[in-house]
Structure formats: C-alpha cells, structure tokens
Amino acid sequence: MGLGTIYTWSLFNQPLVDKFGWQLSSVAITFSITSFALAFATLFSGKLQEKWGIRRLIGTAGIVLGLGLMLSSQVSSLPLLYLLAGVVVGFADGTAYMTSLSNLIKWFPERKGLISGISVGAYGTGSLLFKYINGSLIGSVGVSMAFLYWGVIVLLMIVIGSRMIKEAVVSEAPVSNTDAAPVSASANQAVQAGNGQLEPKGAVPAIAHNYSVKEMLKTKQAYLLFIMFFTACMSGLYLIGIVKDIGVQLAGLDLATAANAVAMIAIFNTVGRIILGALSDKVGRLKVLCGTFLVTAIAVAVLSFVPLTFGIFFAAVAAIAFCFGGNITVFPAIVSDFFGLKNHGKNYGVIYQGFGIGALSGAFIAAWMGGFKPTFIVIGILCLISFLIAVMIKPPVYGEREQQATDAKAAKWKANPHTVR
Numbered sequence: 044m045g046l047g048t049i050y051t052w053s054l055f056n057q058p059l060v061d062k063f064g065w066q067l068s069s070v071a072i073t074f075s076i077t078s079f080a081l082a083f084a085t086l087f088s089g090k091l092q093e094k095w096g097i098r099r100l101i102g103t104a105g106i107v108l109g110l111g112l113m114l115s116s117q118v119s120s121l122p123l124l125y126l127l128a129g130v131v132v133g134f135a136d137g138t139a140y141m142t143s144l145s146n147l148i149k150w151f152p153e154r155k156g157l158i159s160g161i162s163v164g165a166y167g168t169g170s171l172l173f174k175y176i177n178g179s180l181i182g183s184v185g186v187s188m189a190f191l192y193w194g195v196i197v198l199l200m201i202v203i204g205s206r207m208i209k210e211a212v213v214s215e216a217p218v219s220n221t222d223a224a225p226v227s228a229s230a231n232q233a234v235q236a237g238n239g240q241l242e243p244k245g246a247v248p249a250i251a252h253n254y255s256v257k258e259m260l261k262t263k264q265a266y267l268l269f270i271m272f273f274t275a276c277m278s279g280l281y282l283i284g285i286v287k288d289i290g291v292q293l294a295g296l297d298l299a300t301a302a303n304a305v306a307m308i309a310i311f312n313t314v315g316r317i318i319l320g321a322l323s324d325k326v327g328r329l330k331v332l333c334g335t336f337l338v339t340a341i342a343v344a345v346l347s348f349v350p351l352t353f354g355i356f357f358a359a360v361a362a363i364a365f366c367f368g369g370n371i372t373v374f375p376a377i378v379s380d381f382f383g384l385k386n387h388g389k390n391y392g393v394i395y396q397g398f399g400i401g402a403l404s405g406a407f408i409a410a411w412m413g414g415f416k417p418t419f420i421v422i423g424i425l426c427l428i429s430f431l432i433a434v435m436i437k438p439p440v441y442g443e444r445e446q447q448a449t450d451a452k453a454a455k456w457k458a459n460p461h462t463v464r
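In our numbering, the protein residues as written are 44 to 464.
Here is the structure:
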C-alpha cells in the first residue's frame with residue numbers, strides 16, 4: 044500500500060504550478076520520470092535480492108523512497124524535483140514492487156492470477172487511501188510540507204511491512220522435456236529435495252523449463268508480450284497522470300469534481316486487479332487481455348470523439364482504470380506461465396520495461412501531437428494491435444527443434460544401431 048501511494052501524483056501538479064509558477068506539462072512529466080525509473084529498477088531488483096535477501100532489500104528501498112519524498116519538500120527547481128520525486132522515488136518503488144510481487148507468485152503458483160490481483164490490488168488501495176490523506180495534507184500544510192509527511196508515513200509502512208515478509212524458494216524438479224505443463228503442487232507443502240532434506244515452505248516445483256533472461260529473449264513471445272504490456276501501461280499511466288486535467292479541460296468539470304476522478308481511478312484500478320486476476324485463473328489470461336484491450340480502445344475512442352458529460356467522462360475513465368488494473372495483474376502471471384517461476388523476477392523485469400517506456404511515451408506523444416485527443420487515438424490503435432497479438436500468441440516450447448533432432452537420431456539408431464551414433 045505504501046508503494047502504491049505514488050499514484051496520487053496528479054494531486055500535486057496544480058499546487059506545484061501555483062506555488063512555483065511552472066508549466067503544468069513540465070510538472071506532470073515528473074510522474075512519467077517516476078514510472079520510467081520504477082520500471083528501470085526492476086532490471087536490477089532480482090540481482091539485488093539474491094545478494095541482500097528480500098527483507099533487507101525492501102526495507103532499504105522503503106527508506107530511500109521515504110527520504111526521496113521528504114527531500115522533495117525542499118525543492119525549488121524542476122530538475123531537483125525530477126531527480127528526487129522522479130528518479131529516486133521511482134527507482135526505490137520499482138525495486139520493492141517487483142521483488143514483493145514475484146515472491147508472492149512463487150508462494151502461490153496455482154493461483155497466480157488471484158495472488159497477483161491481491162498484491163497489486165493493495166498497491167491500488169494505497170493510492171485510494173492517500174488520495175484523501177495527501178489531499179488533506181496539501182490543503183492544511185501546503186504542497187511542500189505534504190511531501191515531508193507523505194515520506195515519513197510511507198517509510199514506516201514499507202520498512203515495517205518488509206520485516207513480515209518470508210522469502211519463497213523455487214525448487215528445480217526433474218520433468219520430461221515432452222511435458223510442457225506445469226507440475227501441480229501446493230506452495231504451502233514442503234518439497235523433498237534431492238539430498239533428502241525437506242525444503243522450507245514456499246518451495247515450489249519447476250515447470251518443464253525455467254527460462255533464463257537470455258533464453259527468454261530468443262523467443263518471439265517475449266517481444267510480443269512487451270508490445271502488449273507497453274500498450275496497456277501507456278493507456279493507464281497516461282490517464283492517471285492527467286485525469287484531473289482532462290476532467291477540467293475536456294468535460295468542463297470544476298476542480299473539486301475533477302479531483303474525484305483520482306479516487307475513481309484508484310477504486311476501479313483496484314477492483315480490476317482483483318476481479319480480472321482471479322478471472323484469469325478460470326477462463327485464461329489471454330482471453331482476459333483480449334477483453335481489456337477492446338474495452339480500452341472503445342473508452343479512448345469515446346474520450347476522443349464523444350462530447351463529454353459528467354457521466355460519460357467518469358464511465359470512460361472507470362473503464363480504462365479497470366482494464367489497466369487487470370492488465371497489470373495478468374501480465375506477471377503470463378510471464379510465469381510462459382517462462383517459468385525460478386527466474387520470474389528477472390524475466391518480468393525485462394518485460395516490465397514496457398511500463399516505463401509506456402509512461403514516457405504518453406507524455407511525449409501528447410506534447411508532439413498537441414493534446415489529449417490525438418494521444419487517445421494513438422492509444423486506441425495500439426490497443427487494437429495488441430488485441431490481435433493476444434488472439435494469436437501461444438506459449439513458447441523450449442528446445443522443440445533440438446528435441447525433434449534427438450528423436451530423429453534415436454529412431455535412426457534404433458533402426459540401425461551399428462551405423463548411426
């Protein structure tokens with residue numbers, strides 16, 4: 044929940060503009076930088092976890108995140124705001140987010156969608172609660188001091204929470220190359236290791252093959268998943284960063300009413316994570332993605348071409364937030380379905396770069412094309428492309444060519460063992 048509070052950033056845009064006289068677009072870029080740094084950090088979080096352990100890593104990330112927010116209370120220039128509230132806060136947030144999420148998926152391999160939904164649902168709940176906490180702080184002590192109190196609170200939340208985490212252990216289980224299905228077992232049962240010792244609770248058996256990052260990058264599925272994740276993240280993150288401003292400028296809402304859109308996004312974002320995460324366990328993750336991309340495409344088309352009233356604006360925003368929450372939940376599970384659990388944090392960290400690039404792309408496309416509506420049109424087109432990918436993509440089959448060659452050689456040897464080796 045502490046990590047998810049960064050999604051209240053749009054509350055700070057206008058107060059910072061009013062205090063320092065900066066351009067709104069310049070201040071809003073801060074959230075894009077935060078999101079990019081968050082995604083970039085996931086490339087290193089797996090290595091850091093192996094070196095430090097999950098408790099120490101997340102606790103340290105909580106301290107850095109809190110200090111970054113507290114120091115942001117002293118800034119008076121945009122570059123310093125970008126560095127502290129953008130780079131420092133985002134990097135710390137991404138480090139803790141990826142390791143905690145991957146750890147949960149390893150603990151509950153048979154309910155990946157549900158546990159991802161609960162995990163990232165808590166992330167969304169943090170933004171919902173702090174919409175009121177940070178809004179109250181800005182109104183009572185001013186925008187700069189709000190950063191200070193915000194930093195203190197989340198530092199305590201993350202550090203205390205990190206002490207309660209128990210690290211899961213992934214066990215390699217020998218399985219046939221021809222059996223590509225995951226081994227069904229409970230993560231809460233002890234697993235018998237090869238040395239006869241019982242591994243701790245949290246150990247889970249491997250699927251047919253646990254892809255390394257290098258092996259994953261040799262598959263076309265990795266790049267297709269990246270395109271889909273980039274699209275999903277750009278649509279959601281762009282909306283989150285400027286939803287209040289869209290309400291004022293496109294729907295003609297007053298500031299107070301438009302600010303309620305922040306809470307609307309947080310609620311539907313959280314609900315989407317839990318509902319669609321659990322649904323993906325039952326009906327299939329790719330089917331869920333097909334639905335979310337179609338709904339998002341329709342919603343951004345409404346924002347682009349339909350005259351916006353109070354109801355239409357909030358319905359479109361709710362639909363995009365719901366689908367974005369579901370997408371963020373389903374993708375970690377898909378990566379583990381496709382590439383295995385053991386290296387999940389590292390593998391998902393690579394795919395997760397679509398989050399950071401998507402966050403930056405929305406802001407830059409808006410600046411280049413001149414506004415909200417052209418950006419929504421681009422997002423809609425990308426959603427339709429991603430829908431087609433979701434319809435066609437299949438999980439990779441590890442070593443398929445090598446296995447075919449081995450089988451052919453074995454058949455020849457069986458037919459004539461004296462001449463074929």
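Idealized CB from N, CA, C, for every residue including glycine. Just so it is clear, the structure is predicted and the values come from calculations on it, not from any experiment.
Check whether residue i and residue j have beta carbons under 8 Å apart
{"i": "Leu260", "j": "Tyr166", "result": "no"}
{"i": "Gly290", "j": "Ala301", "result": "yes"}
{"i": "Ser159", "j": "Gly320", "result": "yes"}
{"i": "Val360", "j": "Met277", "result": "no"}
{"i": "Trp52", "j": "Leu112", "result": "no"}
{"i": "Phe365", "j": "Ala304", "result": "no"}
{"i": "Asn370", "j": "Thr335", "result": "yes"}
{"i": "Val378", "j": "Leu268", "result": "yes"}
Candidates the options: closest to residue i by CA position
{"i": "Ala80", "options": "Gly414, Gly397, Gly64 and Phe430", "result": "Gly397"}
{"i": "Tyr391", "options": "Ser205, Leu123, Tyr266 and Leu127", "result": "Tyr266"}
{"i": "Leu127", "options": "Ile49, Ile101 and Val434", "result": "Ile49"}
{"i": "Tyr281", "options": "Arg206, Met435, Ile428 and Ala409", "result": "Ala409"}
{"i": "Ala376", "options": "Ala362, Phe365 and Ile394", "result": "Ile394"}
{"i": "Asn253", "options": "Leu124, Asn386, Ser170 and Val131", "result": "Asn386"}
{"i": "Ile196", "options": "Gly129, Ile285, Asn56 and Gly105", "result": "Gly105"}
{"i": "Thr73", "options": "Phe273, Val132, Glu153 and Thr85", "result": "Val132"}
{"i": "Arg99", "options": "Val60, Ile201, Val184 and Thr85", "result": "Ile201"}
{"i": "Ser145", "options": "Phe134, Val130 and Val163", "result": "Val163"}
{"i": "Ile424", "options": "Ile270, Leu293 and Tyr441", "result": "Ile270"}
{"i": "Ala7", "options": "Gln57, Ala402, Ser120 and Phe415", "result": "Because residue 7 is not part of the residues shown, which for the chain are 44 to 464, the question remains open."}
{"i": "Thr77", "options": "Asp136, Glu210 and Ala211", "result": "Asp136"}
{"i": "Ala189", "options": "Gln117, Thr168 and Glu153", "result": "Gln117"}
{"i": "Ile203", "options": "Thr85, Leu322, Gly102 and Asn370", "result": "Gly102"}
{"i": "Thr138", "options": "Lys209, Thr85, Leu180 and Lys155", "result": "Thr85"}
{"i": "Lys437", "options": "Trp411, Pro417, Leu351 and Arg328", "result": "Arg328"}
{"i": "Ser347", "options": "Ile400, Pro417 and Leu296", "result": "Pro417"}
{"i": "Glu3", "options": "Ile400, Tyr441 and Ser68", "result": "Because the chain spans 44 through 464 in this model, residue 3 falls outside it and cannot be assessed."}
{"i": "Gly399", "options": "Ala82, Ser379 and Trp95", "result": "Ala82"}
{"i": "Leu124", "options": "Ser75, Lys155, Tyr140 and Trp411", "result": "Ser75"}
Sequence-distant residues of its chain with Cβ nearer than 6 Å to residue i (five each side left out)
{"i": "Lys389", "result": "Gly89 and Val256"}
{"i": "Phe374", "result": "Phe272"}
{"i": "Gly279", "result": "Phe367"}
{"i": "Ala340", "result": "Gly423, Cys426 and Leu427"}
{"i": "Gln92", "result": "Leu100 and Thr142"}
{"i": "Gly239", "result": "Caution is warranted here: a pLDDT of 34 is assigned to Gly239, below 50, making its placement in the model unreliable, and no coordinate value can be reported."}
{"i": "Ile208", "result": "Ile97 and Arg98"}
{"i": "Phe353", "result": "none"}
{"i": "Ala294", "result": "Leu351 and Phe356"}
Span of the alpha helix (DSSP H), counted from its first residue to its last, around residue i
{"i": "Lys257", "result": "Val256 to Met259"}
{"i": "Asn386", "result": "Premise fails: Asn386 is in no alpha helix (DSSP H) and is neither H nor E."}
{"i": "Arg99", "result": "Ile97 to Ser115"}
{"i": "Leu351", "result": "Premise fails: Leu351 is in no alpha helix (DSSP H) and is neither H nor E."}
{"i": "Val305", "result": "Leu298 to Val326"}
{"i": "Gln66", "result": "From DSSP, Gln66 is part of no alpha helix (DSSP H); its letter is neither H nor E."}
{"i": "Asn253", "result": "Unbroken run through Asn253: none, as it is neither H nor E."}
{"i": "Thr142", "result": "Val132 to Trp150"}
{"i": "Tyr192", "result": "Val186 to Ser205"}
{"i": "Thr418", "result": "Phe415 to Met435"}
{"i": "Trp411", "result": "Gln396 to Met412"}
{"i": "Pro122", "result": "Leu121 to Leu124"}
Expected contact under 8 Å - CB spacing of residue i and residue j to nearest Å
{"i": "Leu147", "j": "Asp324", "result": "Not confirmed; about 14 Å, so no contact."}
{"i": "Leu171", "j": "Ala309", "result": "4 Å"}
{"i": "Leu322", "j": "Val331", "result": "6 Å"}
{"i": "Ser119", "j": "Phe63", "result": "7 Å"}
Spatial neighbours of residue i in its chain, beta-carbon cut-off 8 Å, leaving aside the 5 residues before and after
{"i": "Cys333", "result": "Phe430, Ala433 and Val434"}
{"i": "Leu298", "result": "Gln57, Lys287 and Val291"}
{"i": "Trp95", "result": "Thr103"}
Sequence-distant residues of its chain with Cβ nearer than 7 Å to residue i (five each side left out)
{"i": "Ile355", "result": "Val345 and Val349"}
{"i": "Leu59", "result": "Trp65, Val70 and Val186"}
{"i": "Pro439", "result": "Thr262, Gln264 and Phe381"}
{"i": "Ala342", "result": "Ala359, Ala362 and Ile363"}
{"i": "Leu114", "result": "Leu127"}
{"i": "Val421", "result": "Ile408"}
Residue i CB to nearest heavy atom of the ligand SAH below 7 Å
{"i": "Ile371", "result": "Because no ligand of any kind appears in the structure shown, any question about the ligand SAH cannot be addressed here."}
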